[in-house]
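Just so we're aligned, residue 15 is where the sequence shown starts under this note's numbering, counting upward by one.
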Amino acid sequence: MTNSETRPLLQWSAAMAMSGTIGAVVLESGAAAPAVAFARCFVGGALLVLWCLSRCWLQAWRPSRRDLGLAVLGGLFLVGNWVLLFASYALSSISVSTVVYHTQPLILVGLAAAFLGEKVAKSHLARAAVAFGGVALISLSAHGEDGKPVQLAGIGLALGAAVLYAGASFVAKQLKHVRPHLLAAVQTTVGAVVLAPVLLVTPLPSAPSGLLWLVLLGTVHTALMYVLMYASIGKLPTTTVALLSYLYPVVAVLVDIACYGHRPSWAEGLGMLAVLAAALAPQRGRRPAAARAGEPQPERVS
């Protein structure tokens, strides 16, 4: 393997591994979900703006009203997705929320079919059935660290986050001509402005340790992670992107087990495998929808 192949491989792997630790950072900050999302937008957005300015991308951008409107709409979807996902961690668990969240590539295909007239293959319908069957199995069998069944509200929030993330990715498909770093900078800036008033109700943590966790989220898990993803995804084969995307949920599950004592039952584990196998399996001859949309394979960024 040449250096030109190794570098993007390491960059994408690092980004996916970082994604898997987001849940722990959110919980350790001790802040409410809207405040965490604001901090991520504020810190990460400021760094992404500086990155774009240093490359002269922002100065050269002359967006049309349509492009600017779509960028703002996508930003609202993206930030709403973060708020719901972060809130779901405390109501279910990091691993459960993360795996359920990975239904978003299947939801994105459904949105493309509904609004763009794209055909949905029978294989996709079968994958969707398997994935949401897995979600149902998780809902019936998953337990939190206290040994009690996870709250269905947490799973519902994770599914809501997946829908909003799919919406953000759907909007991004209409802005493929805009540099993804620039789009991310605009959307996180929008998020910081929209969420700023929320701090009156759910303030940032007063403890220095909590603030440091949020700074970490904005710098490493947002700005750095986005740069690594966008620098690598276009240089890797589709199958490699799909395979390495499994690092995100796998790392999240391992962190949940190691740090928070989560012990998946065999039924919960089977449900997780069903969701991940159906949602992350590459479609023949095309990139995963979320990869084409530019973000978080999760997003996949969460």
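We put the beta carbon where it would ideally sit given N, CA and C, even for glycine.
- A straight-line Cα-Cα distance of about 17 Å links S220 and R54.
- Non-local beta-carbon contacts of G94 in its own chain, meaning distances under 7 Å to residues more than five positions away in sequence, involve L178 in chain order.
- Per the DSSP secondary-structure output, H157 pairs in a beta bridge with P163.
- If you check the CB distance, V39 and L218 do not come in under 8 Å.
- A straight line joining the alpha-carbon of G147 with that of L257 spans about 22 Å.
- Per DSSP, the unbroken alpha helix (DSSP H) holding A74 starts and ends at W71 to A74.
- If you draw a straight line from the Cα of L120 to the Cα of A104, it comes to about 25 Å.
- With respect to L173, V123 sits apart: the two C-beta atoms are not nearer than 8 Å.
- Ranked by how close their Cα comes to the Cα of L197, the residues K162, L250, S183 and V264 have S183 in first place.
- The count of Cβ pairs closer than 8 Å, one atom from the region 53-70 and one from the region 129-146, stays below three, leaving the stretches out of contact.
- For P251, there is no enclosing alpha helix (DSSP H), since its DSSP letter is neither H nor E.
- A distance below 8 Å between beta-carbons, with the five flanking residues on each side excluded, links V264 to the following residues of its chain, in chain order: G34.
- The three-state reading of DSSP puts K187 in helix, counting H, G and I together.
- For the 8 Å CB-CB criterion, Q25 and S259 do not form a contact.
- Within its own chain, the residues whose Cβ lies closer than 8 Å to the Cβ of L125, once the five positions on either side in sequence are excluded, are A180, G181 and F184, listed in chain order.
- When C-alpha distances from V241 are compared across V289, A266 and G58, the shortest belongs to G58.
- The Cβ atoms of L213 and F52 sit closer than 8 Å to each other.
- Within the region 57-131, complete alpha helix (DSSP H) segments of at least 4 residues are found at 59-68, 71-74, 79-105, 108-115 and 118-130, given in chain order.
- Short of 6 Å from the beta carbon of S111, and not among the five residues preceding or following it, lie these beta carbons of its own chain, in chain order: S102, Y103 and A172.
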